[in-house]
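Below you'll find the structure, written out as structure tokens, and then a few comments.
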Amino acid sequence: MKNTILLFLLMAPWSLFAQAKLVTASPKLPLFIPDAFILPLRDLTDQHLQAQLTKKLNSHKDWKKLIDEKRMAVGLVDLKDPMQARYARINGNEMMYAASLPKIAILLAAMDALEKKELKDSPDLRNELRLMISRSDNQASTRMIDRLGYNKIESVLTDPAYGLYDEDYGGGLWVGKRYAASGERHPDPIKGLSHAATVSQVCRFYYLLTMGKLINFERSKQMLNIMADPALHHKFVHTLDEIAPGAKIYRKSGSWKDFHSDSVLVWGKDPNRRYILVALIQDSAGESIIRDLVNVAEDVLNLKTKSIGD
Numbered sequence: 036m037k038n039t040i041l042l043f044l045l046m047a048p049w050s051l052f053a054q055a056k057l058v059t060a061s062p063k064l065p066l067f068i069p070d071a072f073i074l075p076l077r078d079l080t081d082q083h084l085q086a087q088l089t090k091k092l093n094s095h096k097d098w099k100k101l102i103d104e105k106r107m108a109v110g111l112v113d114l115k116d117p118m119q120a121r122y123a124r125i126n127g128n129e130m131m132y133a134a135s136l137p138k139i140a141i142l143l144a145a146m147d148a149l150e151k152k153e154l155k156d157s158p159d160l161r162n163e164l165r166l167m168i169s170r171s172d173n174q175a176s177t178r179m180i181d182r183l184g185y186n187k188i189e190s191v192l193t194d195p196a197y198g199l200y201d202e203d204y205g206g207g208l209w210v211g212k213r214y215a216a217s218g219e220r221h222p223d224p225i226k227g228l229s230h231a232a233t234v235s236q237v238c239r240f241y242y243l244l245t246m247g248k249l250i251n252f253e254r255s256k257q258m259l260n261i262m263a264d265p266a267l268h269h270k271f272v273h274t275l276d277e278i279a280p281g282a283k284i285y286r287k288s289g290s291w292k293d294f295h296s297d298s299v300l301v302w303g304k305d306p307n308r309r310y311i312l313v314a315l316i317q318d319s320a321g322e323s324i325i326r327d328l329v330n331v332a333e334d335v336l337n338l339k340t341k342s343i344g345d
């Protein structure tokens, strides 16, 4: 009997690994990955991917200047093999004003509130969440903020289970103002920003979402459904429409004055085209730069040709 138990304990990790590998071969999201295989992205930093991304970005003189001035940040997660995800970032922990991109934080807080019965679910509520993400509707976003309150949103973002705002790593996602002219401010503790993000924490949001770890598997699935098939086809999506029209896109962007941001989870039928890309830019040319970053990311990931099926 003791030998049987010992054999089981020795084989269990390999069994979990085999099951997880089988699950990651599925094209459907979210993936069902055992908690033991979910690591902080900073532990998944890949030196080769980092070197390639740095070289490509710095080869553009104007981009290098923005990077050096900390007015441009980029994050990339290669999910070709989700069990061995690879991460690279430029100015990863540099928190910047991110306009509407942090509405993903409102989405997470709303789902957390639904799970805890703090909000009552309804078709109207789900429609509000979809409008907030897909069309970036400011009125729907403001109504959700008013329902939740800033303390609720902050408590979810700073929850150690998610770590999406962490003062030890430059801050991260933050929502501290209604998307309206009126209302009090609840600025973040580090820079006093109202709507903020770091590329590292946004990449983490998508990574945990992909793995089914934001709240739980079912809530992650619901969030993915809300974020799928964006109604606005600019920035990252403009380029992806051309080079990967068959890929599934999950996305949230933001713009205000010369602040431009975008974030996307690309999930192609071909496992090679599965990645997370996030950009924060403060520059009048931010929109066009973000469009070009998709080609840079795909080049770094060795995805150099258009594939209609992906």
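Under the numbering used here, the letters of the sequence shown match residues 36 to 345, in that order.
In this text, a Cβ means the ideal position worked out from N, Cα and C, and glycines have one as well.
Would MET118 and PHE72 be called neighbours here (beta carbons separated by less than 8 Å)? yes
When the Cα of ALA215 is compared with those of PRO65, TRP291 and THR89, which residue comes out closest? TRP291
How about ASP318 and ILE324: are their beta carbons less than 8 Å apart? yes
Between ILE180, GLU153 and LYS226, which lies nearest to ASP201 when the distance is taken from Cα to Cα? LYS226
Going by DSSP in three states, GLY227 sits in which element: helix, strand or coil? coil
For SER135 and TYR310, the rounded distance between their alpha carbons: 22 Å
Beta-carbon within less than 7 Å of ILE125's beta-carbon, same chain only, minus the 5 sequence neighbours each way: which residues are those? LEU88, THR89, LEU92, ILE102, ALA108 and VAL109
Note down, in chain order, each residue of its chain lying with its Cβ closer than 6 Å to the Cβ of TYR122, except the 5 sequence neighbours on either side. LEU76, LEU79, THR80 and VAL112
Rounded distance between the beta-carbons of GLU322 and LYS270, thought under 8 Å: 6 Å
DSSP-derived helix/strand/coil call for LEU208: coil
If distances are taken between C-alpha atoms only, which option among PHE294, TYR185 and ARG308 comes closest to ILE284? ARG308
Apart from the five residues just before and just after ALA263, which ones in its own chain have a Cβ nearer than 8 Å to its Cβ? LYS283, ILE284 and TYR285
PHE294 by DSSP, collapsed to three states: which one? strand
The segment 272 to 279 / the segment 156 to 164 touching (three or more Cβ pairs under 8 Å): no
Have a look at MET246 and LYS100 and give me their C-alpha separation to the nearest angstrom. 35 Å
Span separating the alpha-carbon of MET167 from that of LEU336: 31 Å
Suppose you measure from the CA of LEU142 to the CA of VAL329; what does that come to, to the nearest Å? 25 Å
According to the Cβ coordinates, are ALA266 and ALA133 closer than 8 Å? no
Local conformation of LYS287 per DSSP, three classes: strand
For HIS295, which of ASP70, LEU243, PRO137 and GLN82 has the nearest alpha-carbon? PRO137
So THR199 and ALA145 are in contact, right, with Cβ under 8 Å, and what is the actual spacing, rounded? The sequence given here has Leu at residue 199, not Thr. Actually they do not touch by this definition, with Cβ atoms about 14 Å apart.
With DSSP run on the structure shown, which of helix, strand or coil describes GLY127? coil
The alpha helix (DSSP H) with TYR19 in it runs from where to where? The chain is shown only over 36 to 345; residue 19 falls outside these bounds and no answer can be derived.
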